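Each step along the sequence shown adds one to the number in UniProt numbering, with nothing skipped, and position 241 is 241. All C-beta atoms, glycine included, are put in the ideal place defined by N, C-alpha and C. Please read all numbers here as calculations on a predicted model, not as lab measurements. This report concerns only the one structure given below.
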Amino acid sequence: MDDKKVPNKIINIYGFADFTFNMMMMIAISYYAYFLTDIAMISAATMGTILLIARIGDAVSVPITGGILQKTQLKWGQFRSWLLVTPPITCLFFILMFTNVSMTGTAKAVFLGTCYVIAHVCVNFTFNGHIGLLGILGKTAEDRIKLSAKKSQFQTAANIVFSLAFMPLVVFFGGTDQGKGFLYAMIIFAILQVLGYWNVFRVTKEYNPYDPNKKLSGAGSMGLTVGEMVQQIFGNSQLLLIMLADCIKNAAMFAVLGMATYYFKYAIGNLALITVYMLVTNSATFLGSLAAPIVVGKIGKKPTYLLSCIIPIVAFVLVRVLAGTNPFIYMALVSISSFALTFGMAIGPAMYLDSAEYGHYKTGKDGSGFIMSMFAMPIKIGVALSSVIIGFGLSSIGYSTTVEVTPNFVSGLMKILSIIPAGCCALALVLMLFYRLNDAKVQEYMEANAKRKATV
Numbered sequence: 001m002d003d004k005k006v007p008n009k010i011i012n013i014y015g016f017a018d019f020t021f022n023m024m025m026m027i028a029i030s031y032y033a034y035f036l037t038d039i040a041m042i043s044a045a046t047m048g049t050i051l052l053i054a055r056i057g058d059a060v061s062v063p064i065t066g067g068i069l070q071k072t073q074l075k076w077g078q079f080r081s082w083l084l085v086t087p088p089i090t091c092l093f094f095i096l097m098f099t100n101v102s103m104t105g106t107a108k109a110v111f112l113g114t115c116y117v118i119a120h121v122c123v124n125f126t127f128n129g130h131i132g133l134l135g136i137l138g139k140t141a142e143d144r145i146k147l148s149a150k151k152s153q154f155q156t157a158a159n160i161v162f163s164l165a166f167m168p169l170v171v172f173f174g175g176t177d178q179g180k181g182f183l184y185a186m187i188i189f190a191i192l193q194v195l196g197y198w199n200v201f202r203v204t205k206e207y208n209p210y211d212p213n214k215k216l217s218g219a220g221s222m223g224l225t226v227g228e229m230v231q232q233i234f235g236n237s238q239l240l241l242i243m244l245a246d247c248i249k250n251a252a253m254f255a256v257l258g259m260a261t262y263y264f265k266y267a268i269g270n271l272a273l274i275t276v277y278m279l280v281t282n283s284a285t286f287l288g289s290l291a292a293p294i295v296v297g298k299i300g301k302k303p304t305y306l307l308s309c310i311i312p313i314v315a316f317v318l319v320r321v322l323a324g325t326n327p328f329i330y331m332a333l334v335s336i337s338s339f340a341l342t343f344g345m346a347i348g349p350a351m352y353l354d355s356a357e358y359g360h361y362k363t364g365k366d367g368s369g370f371i372m373s374m375f376a377m378p379i380k381i382g383v384a385l386s387s388v389i390i391g392f393g394l395s396s397i398g399y400s401t402t403v404e405v406t407p408n409f410v411s412g413l414m415k416i417l418s419i420i421p422a423g424c425c426a427l428a429l430v431l432m433l434f435y436r437l438n439d440a441k442v443q444e445y446m447e448a449n450a451k452r453k454a455t456v
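Printed below as a string of structure tokens:
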């Protein structure tokens, strides 16, 4: 399969798994903080604490699961095996995450936090197997950009469908009982996640079959010790730069996403508007994912990434100056930032593969499977940091479910929603100024690595 371009059918099936996966994840990302505080009735500070602990555990599991994928091979192939095995377990524990059990506050917090960790460890195995296949399917720079962009396009398309479907589903299944509505919606989306990944498993057998002669431990270009895996990260300056920048940008993005419920419920006084907000902003991200390959073709990957930092800085500064309690100005500015932020997300997997080629060239060891698993790490860390921003940010402005909505409270809310994301994007911009992998250099590394593999 190495000499053939990957067919569009495979690219679309590969990307569609991100659609079903993201439908499930959007509930957890957008509404889990709200579920904990307003449905499970856990205080904002406790919510921030348990999510921080749970999400740190989730993040720690990323390199562990990536290392397991790098060094092991189940009987259905090194990467695709995990698309068969872990999605059903993920399905079960995501459903349990949205089960409002009758327990004391502490016991409930521990139970829900534990379910969160188990669910997301399973996600990491599946996610890493899926993204690991990108390097197997895409043997040319062109195919890698196609696969990377297609992932983003289906992810953002899922956001649009989610924004239209989720709250109506909650009302349909739960009526005035939001907890019941959240649970039933999660059951539907978690099952769809299983079907999406199983479809990729079905069509990729010839690309990633079980190979009993494949050496994944010990000597050889594919064999990596634990120490060498650590070196693949901390000895690869280009990988570290993009990971750090992604962590910071993701923290801003997820904080804004998670705070939307509070903005519309308390600052605007109309939670129903969140459906319009989700539709508008998710449409912007979808358009951004379509535009990203075009922009990359014009100016290259690094300038595109820098642009994904600059535009949101301006947008969030304007949120502080102009938005306030005008939801339509707020929607417009967040949509502009979302459009640009998607540029970085759309080219992210391709840039991680670039850093893997760089690491292979420098060390002689092919750690692409492990390095590609690191793509999930900034997402996990970003989500963890966003829980701190949300939980302790709300606590700092005196939030409770019975808070009096005063001008000072609204002003504090808008500071969290503007100054923090603008600052995060500015820091990411500074970091990426030091990134030096241009397209010509990466092509040189790919050719050298291919020659090295051919002689092994």
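(request) Taking A33 as the reference, give the member of A422, Q70, F182 and H130 with the closest Cα. (result) Nearest of A422, Q70, F182 and H130 to A33, Cα basis: F182.
(request) May I ask you to report which of helix, strand or coil DSSP gives L74? (result) Secondary structure at L74: strand, using DSSP grouped into helix, strand and coil.
(message) Using a 10 Å radius around the Cβ and a threshold of 16 neighbouring Cβ atoms, would you call D211 buried or exposed?
(response) That one is exposed.
(message) Quick check: N124 and T65, are their CB atoms within less than 8 Å of each other?
(response) Their beta carbons are under 8 Å apart, which means N124 touches T65 by this criterion.
(message) Assuming F162 is part of the alpha helix (DSSP H), what are its boundary residues?
(response) Annotation: the continuous alpha helix (DSSP H) that includes F162 extends over A141 to G174.
(message) Assuming contact is defined by CB atoms lying nearer than 8 Å, are P349 and L134 in contact in what I supplied?
(response) Taking 8 Å as the Cβ cut-off, P349 and L134 qualify as a contacting pair.
(message) I'd like the list of long-range same chain contacts for L52, defined as Cβ closer than 7 Å, with 5 residues on each side in sequence excluded.
(response) Once the five neighbours on either side are set aside, the close Cβ partners of L52 are A384, S387 and V388.
(message) If the criterion is Cβ atoms closer than 8 Å, does the pair I56 and A185 meet it?
(response) It is not a contact, given that the beta carbons lie outside the stated cut-off.
(message) I need the DSSP call for G438, collapsed to helix, strand or coil.
(response) It is worth fixing the name first, because residue 438 is Asn in this sequence and not Gly. Coil at N438, not helix or strand.
(request) Taking the CB atoms as reference points, tell me whether T281 and S335 lie closer together than 8 Å. (result) Contact: yes.
(request) Please state whether DSSP places Y352 in a helix, a strand or coil. (result) Collapsing the DSSP output to three states places Y352 in a helix.
(message) With a threshold of 8 Å, are at least 3 pairs of Cβ atoms found where one atom belongs to the region 135-151 and the other to the region 5-20?
(response) The region 135-151 makes contact with the region 5-20: 3 or more CB pairs, one atom from each, lie closer than 8 Å.
(request) Report the option in M377, L431 and F343 whose CA atom is closest to the CA atom of Q238. (result) Nearest option by C-alpha distance: L431.
(message) Among the candidates M351, G369, F409 and A315, whose CA atom is the shortest distance from the CA of C425?
(response) The shortest CA-to-CA distance from C425 to any of M351, G369, F409 and A315 is the one to A315.
(message) Can you look up M377 in the DSSP assignment and give me helix, strand or coil?
(response) Of the three classes helix, strand and coil, the one that applies to M377 here is helix, per DSSP.
(message) Please state whether the Cβ-Cβ distance between G369 and G359 is less than 8 Å.
(response) No, the Cβ-Cβ distance between G369 and G359 is not below 8 Å.
(request) Would you tell me roughly how many angstroms separate the C-alpha atoms of L306 and A107, rounded to the nearest one? (result) The alpha-carbon of L306 is positioned some 45 Å away from that of A107.
(request) Spatial neighbours of L96 within its chain, please: CB distance less than 7 Å, with the 5 preceding and 5 following residues excluded, ordered by chain position. (result) Here the set comprises C115.
(message) Can you tell me where the alpha helix (DSSP H) holding V121 begins and where it ends?
(response) From DSSP, the alpha helix (DSSP H) with V121 extends over G105 to L137.
(request) Using beta-carbon positions only, say whether M377 and V121 come within less than 8 Å of one another. (result) For M377 and V121, no; Cβs fall outside 8 Å.
(request) Just the C-alpha distance for T204 and W76, rounded to the nearest angstrom, thanks. (result) Between T204 and W76, the C-alpha separation is close to 10 Å.
(message) Could you compute how far the alpha carbon of Y31 sits from the alpha carbon of A260?
(response) Cα to Cα, Y31 sits roughly 9 Å from A260.
(message) Quick check on DSSP: helix, strand or coil for R452?
(response) In the structure shown, R452 sits in a helix (DSSP, three-state: H, G or I).
(message) Can you tell me whether Y361 is helix, strand or coil according to DSSP?
(response) Reduced to three states, the DSSP call for Y361 is helix.
(request) Select from G113, Y266 and N22 the residue whose C-alpha is nearest the C-alpha of V194. (result) Checking every option, the nearest Cα to that of V194 belongs to N22.
(message) Here's the rule I'm using: 16 or more other beta-carbon atoms within 10 Å means buried, otherwise exposed. How should K302 be labelled?
(response) Buried, by the Cβ-count rule.
(message) Quick check: the Cα distance between residue 460 and Y207, rounded to an integer number of angstroms?
(response) The chain is shown only over 1 to 456; residue 460 falls outside these bounds and no answer can be derived.
(message) Does the region 67-81 come into contact with the region 402-419, if we say contact requires no fewer than three beta-carbon pairs (one atom in each stretch) closer than 8 Å?
(response) Pairwise C-beta distances place the region 67-81 out of contact with the region 402-419, as fewer than three of them are shorter than 8 Å.
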